[in-house]
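full-length UniProt numbering applies: residue 1 is where the sequence shown begins, and numbers increase by one.
In what follows, a single structure is set out as structure tokens and then discussed.
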Amino acid sequence: MSNWQGKAYTGDSKVLQLFEELSRIPRGSSNEKAVSDFVADFARQRGCTVLQDDKLNLIIRKPAASGYEQAPIVIFQGHLDMVCEKNKTTVHDFTKDPIRFRIEGDMIYAEGTTLGADNGIAVATAMAIIDSPDMAHPELEILLTTEEETSMGGAFYLDAAPLKGRMMINFDSDREGILFVSSAGGINAYHSVPLAWKEAGSAAGEPYTISVQGLMGGHSGDDIIHERGNANKLLGRVLDDLRRHAAFDLAGVSGGMKVNAIPREAEAAVYLSGESKAAAEARIAELNRILKDEFQASDKGVAVVLQPGFDEKGGAGAAAAAASGKAFTDEVKNLVIRLLTLIPNGVLSMDKAIGNLVRTSSNLGVVSVNDTHVVMQSLSRSSVRSQTDEVVRVMETLGETAGCEFRTDHYFPGWPYRADSKLRPVVEAAYEKRFGKPIEIKAIHAGLECGVLIEKMPDLDAVSFGPNMYEIHTPDEHLSISSVERTWPFIEDVLRSLK
1 MSNWQGKAYT GDSKVLQLFE ELSRIPRGSS NEKAVSDFVA DFARQRGCTV LQDDKLNLII
61 RKPAASGYEQ APIVIFQGHL DMVCEKNKTT VHDFTKDPIR FRIEGDMIYA EGTTLGADNG
121 IAVATAMAII DSPDMAHPEL EILLTTEEET SMGGAFYLDA APLKGRMMIN FDSDREGILF
181 VSSAGGINAY HSVPLAWKEA GSAAGEPYTI SVQGLMGGHS GDDIIHERGN ANKLLGRVLD
241 DLRRHAAFDL AGVSGGMKVN AIPREAEAAV YLSGESKAAA EARIAELNRI LKDEFQASDK
301 GVAVVLQPGF DEKGGAGAAA AAASGKAFTD EVKNLVIRLL TLIPNGVLSM DKAIGNLVRT
361 SSNLGVVSVN DTHVVMQSLS RSSVRSQTDE VVRVMETLGE TAGCEFRTDH YFPGWPYRAD
421 SKLRPVVEAA YEKRFGKPIE IKAIHAGLEC GVLIEKMPDL DAVSFGPNMY EIHTPDEHLS
481 ISSVERTWPF IEDVLRSLK
């Protein structure tokens, strides 16, 4: 672990002080032992009992405050892990380096990486609750899970039997003033093309990297409605256009880092001869004009770049270098390009009953090359299970038609709306009393652990809220200081009201 001792946040918020302290501990998905142990020790030192399971999930019990001994037990829930994304030029090792804060006005950013406010702010808030001896509240069960960002593996693994609470505050939402009461389910889908190589040879031309850059990216559920460019899909579009105008060999492809993030960058390693290079340059110039026009509102920085050599920092360059002067066979090349072009992506249907809510979507999040296959990983989401199943059938049919391998994993259930909630009116009343206006009630087109936990505890009554966070799952992620400072007393109000 790093010995970094720098401080960026110097304000009075206990939550933000703890968040910066927490951010010194690496906590990418599947690397949560250090942070789980840290929070467990923090809780024990303050008189709480702690249950840590084999998956490093934590159940922390804080006794009821005086006068609240007979109140129903309340679960406060978040997750320990974070999405680990960085800019290509950023030197950062997520397994050992701390997240470095940068403060600009009211916002906290990280230096070229994801900030981890999703969901470190929930962990820091839980720690602040634990560290507040005079807070009025019922008995609390603080549930902090692992591997939420990749598979919800911690929540799926969790033995819910020790949990006695049947009211749950999930603190994994990113818009102040909105109370989420339902969420989408989803599933990971993989198209895999078996690799076959040929000698590139001198006739193939010189090595070049084609890159799609400058996209906004974002959360593949929350931000999919903005119809931002997907770098993997745009790379497929570029390659499909080029193969109609210029001869080239393809030696590698890569794009995206996490399936739940809309990919901002993608690249292909190609061989181009002199004549083909001139044709490629002309087509790329035209495609840049077209894409800048199409994405002027959502991704004004979009660019397709052709540069000499293979980018050794990227997956495409690594694959090409490993191939030792080889390229994909024409059959593999064409299949890869067709799949990149045809795999469903973006908003697939809207919910007609709830305004401005996506019902079904899919995100081609990661394209990579391993020793044996080109793998294209998508995350499909829907609030309706039958539509999730239909997207999977479409993808499976595409795989059958193309002659590639197809599989799915990590299905997670949606969270159905509960009309008879007793918790929701308490939160609504506390918000209106503090802020003088009603809180907005919404469903979210993203996966929350509420769905997994409700499958384990069908009578669980849950809501989800949180402070303002922006561009989560990207290196532009940032958190509003003032929103955190407003949300903390609101949490105190809610817990005080649950008597």
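We put the CB at the ideal spot given by N, CA and C, even for glycine.
Q: Could you tell me the distance, in whole angstroms, from the CA atom of D175 to the CA atom of S382?
A: To locate residue 175, count along the sequence shown from 1; it is residue 175. To locate residue 382, count along the sequence shown from 1; it is residue 382. Correcting the residue type first, residue 175 is Arg in the shown sequence and not Asp. Distance between the alpha carbons of R175 and S382: 21 angstroms.
Q. Per DSSP, T82 forms a beta bridge with which residues?
A. What you label residue 82 is simply residue 82 of the sequence shown in a count that begins at 1. The residue you asked about is not Thr; residue 82 is Met in the sequence shown. Its beta-bridge partners are G28.
Q: Counting only the same chain and skipping the five closest in sequence on each side, list residues whose C-beta sits under 6 angstroms from that of W488.
A: The residue you call residue 488 lines up with position 488 of the sequence shown. Within the same chain, V15 come within 6 angstroms of W488 by CB-CB distance, once the 5 residues on both sides are set aside.
Q | Those residues which DSSP pairs with V463 across a bridge | A | Along the sequence shown, one-based indexing puts residue 463 at 463. Per DSSP, I169.
Q. Which residues in the same chain as L460 place their Cβ atom closer than 7 angstroms to its Cβ, once the five residues preceding and following it in sequence are excluded?
A. Locating residue 460 in the sequence shown gives position 460, where the first residue counts as 1. Hits under 7 angstroms: R166, M168, L453, I454.
Q. Between the Cα of R102 and the Cα atoms of A303, V484, V494, S480, which residue gives the shortest distance?
A. Numbered from its first residue, the sequence shown carries residue 102 at position 102. Looking at A303, V484, V494, S480, the one whose alpha-carbon comes closest to that of R102 is S480.
Q) How many Å lie between M1 and L342 at the Cα? A) The count along the sequence shown starts at 1 and reaches residue 1 at position 1. The count along the sequence shown starts at 1 and reaches residue 342 at position 342. Note that M1 scores 34 on pLDDT, short of 50, meaning its location in the model is unreliable; the coordinates nonetheless yield the value given after this. Using only the alpha carbons, I get a separation of about 44 angstroms.
(Q) Let's see if you can read the secondary structure: which residues bound the alpha helix (DSSP H) around L163? (A) Mapped onto the sequence shown, residue 163 falls at position 163. Taken as a continuous stretch (DSSP letters only), L163 belongs to no alpha helix (DSSP H), as it is neither H nor E.
Q: Would you check if the distance between the CB atom of R385 and the CB atom of G185 is smaller than 8 angstroms?
A: Along the sequence shown, one-based indexing puts residue 385 at 385. Along the sequence shown, one-based indexing puts residue 185 at 185. Closer than 8 angstroms, so yes.
Q: Give the range of the alpha helix (DSSP H) segment to which Y431 is assigned.
A: Position 431 of the sequence shown holds residue 431. Where Y431 is concerned, the enclosing alpha helix (DSSP H) stretches over 423-435.
Q: Look at the Cβ atom of I210, then the Cβ atom of V270, and state whether they are nearer than 8 angstroms.
A: To locate residue 210, count along the sequence shown from 1; it is residue 210. To locate residue 270, count along the sequence shown from 1; it is residue 270. When the beta-carbon positions are compared, I210 and V270 come within less than 8 angstroms of each other.
**Q.** N188 and Q307 closer than 8 angstroms at C-beta
**A.** Residue 188 sits at position 188 when you count from the first residue of the sequence shown. Residue 307 sits at position 307 when you count from the first residue of the sequence shown. Their beta carbons are not under 8 angstroms apart, which means N188 does not touch Q307 by this criterion.
Q) CB-CB under 7 angstroms to P63, same chain, minus the five flanking residues each way: which ones, in chain order? A) Along the sequence shown, one-based indexing puts residue 63 at 63. Excluding residues within five positions, the ones whose Cβ falls inside 7 angstroms are E139.
Q) In angstroms, rounded to a whole number, what distance separates the CA positions of I472 and G274? A) Within the sequence shown, numbered from 1, the residue matching residue 472 stands at position 472. Within the sequence shown, numbered from 1, the residue matching residue 274 stands at position 274. For I472 and G274, the distance between alpha carbons rounds to 42 angstroms.
Q.
Rounding to the nearest angstrom, what Cα-Cα distance links F42 and M127 in this structure?
A. Locating residue 42 in the sequence shown gives position 42, counting from the first residue. Locating residue 127 in the sequence shown gives position 127, counting from the first residue. Rounded to whole angstroms, F42 to M127 spans 8 angstroms at the Cα level.
(Q) Here's the rule I'm using: 16 or more other beta-carbon atoms within 10 Å means buried, otherwise exposed. How should D299 be labelled? (A) Locating residue 299 in the sequence shown gives position 299, where the first residue counts as 1. Per the 10 Å Cβ criterion, buried.
(Q) Tell me which residues share the same chain as S192 and place their Cβ nearer than 8 angstroms to its Cβ, disregarding the 5 neighbours each side in the sequence. (A) Within the sequence shown, residue 192 is the residue found at index 192, counting from 1. Once the five neighbours on either side are set aside, the close Cβ partners of S192 are H373, V374, V375, M376, C404, E405, F406, R407.
(Q) Using 8 angstroms as the threshold, is the C-beta distance between L239 and I337 below it? (A) Translated into positions along the sequence shown, residue 239 becomes position 239. Translated into positions along the sequence shown, residue 337 becomes position 337. Cβ distance < 8 angstroms, so L239 and I337 count as in contact.
**Q.** For G276, three-class secondary structure by DSSP
**A.** Translated into the one-based positions of the sequence shown, residue 276 becomes position 276. In the sequence under discussion, the amino acid at residue 276 is Ser, which differs from the Gly named in the question. Reduced to three states, the DSSP call for S276 is helix.
Q | Inter-stretch contact (C-beta, 8 angstroms, three-pair minimum) for the region 218-226 and the region 429-437 | A | Output reads no: the region 429-437 does not touch the region 218-226.
Q: Report the rounded CA-to-CA distance for G365 versus V212, giving the unit in angstroms.
A: Numbered from its first residue, the sequence shown carries residue 365 at position 365. Numbered from its first residue, the sequence shown carries residue 212 at position 212. For G365 and V212, the distance between alpha carbons rounds to 14 angstroms.
Q | Nearest-angstrom Cα separation, counted from I130 out to C48 | A | Position 48 of the sequence shown, counting from 1, holds the residue named residue 48. Position 130 of the sequence shown, counting from 1, holds the residue named residue 130. CA-to-CA, the gap between C48 and I130 works out to about 8 angstroms.
Q.
I'd like the span of the alpha helix (DSSP H) that includes S483, first residue to last.
A. As a working mapping, residue 483 is identified with position 483 in the sequence shown. Start and end: 481-497.
Q: Please confirm if the region 251-264 is in contact with the region 387-406, defined as three or more CB-CB distances below 8 angstroms between the two stretches.
A: No: the two stretches stay apart, fewer than three of their Cβ pairs being nearer than 8 angstroms.
Q. Where do the N-terminal and C-terminal ends of the beta strand (DSSP E) with V91 fall, by residue?
A. Taking the sequence shown and counting its residues from 1, one reaches residue 91 at position 91. Element bounds for V91: n/a, residue is neither H nor E.
**Q.** Start-to-end residues for the alpha helix (DSSP H) that takes in E20
**A.** As a first step, residue 20 is located in the sequence shown; it is residue number 20 there, counting from the start. E20 -> alpha helix (DSSP H) spans 14-22.
Q | Under the three-state DSSP convention, the category V50 falls into | A | The residue given as residue 50 occupies position 50 in the sequence shown. Correct three-state label for V50: strand.
Q: Could you tell me whether the Cβ atoms of A231 and G252 are closer together than 8 angstroms?
A: If you number the sequence shown from 1, residue 231 lands on position 231. If you number the sequence shown from 1, residue 252 lands on position 252. In this structure, A231 sits away from G252, with a CB-CB distance that is not shorter than 8 angstroms.
Q | Member of T150, G67, K442 whose CA lies at the smallest distance from the CA of A419 | A | For the purposes of this step, residue 419 is taken as residue 419 along the sequence shown, with counting starting at 1. When only C-alpha atoms are compared, the closest one is K442.
(Q) Quick check: the Cα distance between W4 and V391, rounded to an integer number of angstroms? (A) By 1-based counting over the sequence shown, the position of residue 4 is 4. By 1-based counting over the sequence shown, the position of residue 391 is 391. Unreliable positioning characterises W4 in this predicted model, as indicated by a pLDDT of 44, which lies under 50. The coordinate reading is nonetheless provided below. The alpha-carbon atoms of W4 and V391 are separated by roughly 46 angstroms.
Q. Anyone know if the C-beta pair for D249 and A327 falls short of 8 angstroms?
A. To locate residue 249, count along the sequence shown from 1; it is residue 249. To locate residue 327, count along the sequence shown from 1; it is residue 327. Closer than 8 angstroms, so yes.
Q) Which value, in whole angstroms, describes the spacing of the CA atoms of G78 and L158? A) Indexing the sequence shown from 1 puts residue 78 at position 78. Indexing the sequence shown from 1 puts residue 158 at position 158. Rounded to whole angstroms, G78 to L158 spans 13 angstroms at the Cα level.
Q: Determine the closest residue to K456 out of F412, D293, D93, with distance taken between C-alpha atoms.
A: The sequence position of residue 456 within the sequence shown is 456, counting from 1. Considering only alpha carbons, the answer is F412.
Q: Tell me whether F295 sits in a helix, a strand or coil according to DSSP, three-state version.
A: Residue numbering aside, residue 295 sits at position 295 when the sequence shown is read from its first letter. Three-state DSSP puts F295 in coil, outside helix and strand.
Q) Is the CB-CB distance between A280 and L272 below 8 angstroms? A) Residue 280 sits at position 280 when you count from the first residue of the sequence shown. Residue 272 sits at position 272 when you count from the first residue of the sequence shown. Yes, they are a contact pair.
Q: Look up I439 in the DSSP assignment and say whether it is helix, strand or coil.
A: Locating residue 439 in the sequence shown gives position 439, counting from the first residue. Here I439 sits in coil by DSSP.
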